[in-house]
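Participant:
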Amino acid sequence: MDTLQDFVPVSPYELKDNFFDAVDNGWMLITAGDEQKFNTMTASWGSFGILWNMPIAQVFIRPQRYTFQFVEQHSYYTLSFFDEKWRKALNFCGAKSGRKFDKPKETGLVPAATGHGIAFQQARMVLECRKLYADNLKPEQFIDRDIIGKNYPKSDFHRFFIGEIVNVYLARG
């Protein structure tokens with residue numbers, strides 16, 4: 010596997026992206042693992058900001074997702090953001106399980122090694138995150154109880170992972 014090529018490292022503080030739009034409308038791939046074995050999934054929930062005096066990215070993954078075990082087992086995860094032309098690939102990565110499909114082969118996405126994980130050559134931006142904290146969403150903690158009925162009819166509550174953004178890579182051009 011090649012390393013991430015044609016990307017420029019930048020500080021998280023230099024980013025100009027609107028993360029509300031990037032996550033809600035553009036989506037992202039959460040990827041964890043190593044060069045021998047990894048998995049990726051599409052996500053449209055997440056948050057970004059400063060916590061514990063560090064730039065962080067927070068992601069939410071249901072325990073039944075194949076990517077869950079990779080994020081659990083590894084110290085780092087990456088978030089890859091794409092241009093609209095990759096929407097079909099992201100749809101596939103969100104709808105099909107890596108247990109049954111080779112997502113890179115099926116979508117044409119080319120995996121690439123980062124300093125601590127795996128991202129994709131076609132991404133326009135990659136955030137590499139070091140896990141700091143994880144916990145499960147707990148039904149008894151919801152103040153707005155309607156969220157449970159709308160989002161968790163099977164009581165399959167997400168685990169959230171907070172990661173320090175340790176590297177940011179922007180595609181050249």
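Numbering (our numbering), first residue to last: 10 to 182.
For every residue, glycine included, the Cβ atom is placed at its ideal position computed from N, Cα and C.
For Y85, does the count of other Cβ atoms within 10 angstroms reach 16, so buried, or fall short, so exposed?
Facilitator: Per the 10 Å Cβ criterion, buried.
Participant: Check for me: the beta strand (DSSP E) holding K25 runs from which residue to which?
Facilitator: Segment: none, K25 is in no beta strand (DSSP E) and carries neither H nor E.
Participant: Under DSSP, the alpha helix (DSSP H) around V80 begins and ends at which residues?
Facilitator: Note, V80: alpha helix (DSSP H), 75-82.
Participant: Does P64 pass the burial test, meaning 16 or more other C-beta atoms within 10 Å, or should it be called exposed?
Facilitator: Classification for P64: buried.
Participant: Go ahead and label K25 buried or exposed: buried means 16 or more other beta carbons lie within 10 angstroms of its beta carbon, across all protein chains shown.
Facilitator: It is exposed - the Cβ of K25 has fewer than 16 other Cβ atoms within 10 Å.
Participant: Identify which residue in R71, I39, L118, A121 has its Cα closest to the Cα of S164.
Facilitator: Of R71, I39, L118, A121, the residue nearest in Cα terms is R71.
Participant: Quick one: Cα of D103 to Cα of T51, how far?
Facilitator: The sequence shown places Gly at residue 103, not Asp. G103 and T51: Cα-Cα distance of roughly 4 angstroms.
Participant: Looking at the secondary structure, which residues open and close the beta strand (DSSP E) in which N62 lies?
Facilitator: N62 -> no beta strand (DSSP E), and no H or E assigned at all.
Participant: Hey, F55 and F79 are a contact pair by Cβ (cut 8 angstroms); roughly how many whole angstroms apart?
Facilitator: Reading off the sequence shown, one finds Gly at residue 55, where the question assumed Phe. Contact doesn't hold; Cβ gap of about 17 angstroms is too wide.
Participant: Could you check the C-alpha separation between A66 and R139 for me, to the nearest Å?
Facilitator: So the alpha carbons of these two residues sit roughly 9 angstroms apart.
Participant: Run through DSSP, which three-state label would A31 get?
Facilitator: If DSSP states are grouped into helix, strand and coil, A31 belongs with the helices.
Participant: Considering only residues of the same chain and omitting the five flanking positions on each side of Q130, which have a CB-CB separation below 6 angstroms?
Facilitator: Counting only Cβ-Cβ distances below 6 angstroms, and skipping sequence neighbours, we find V119, A121.
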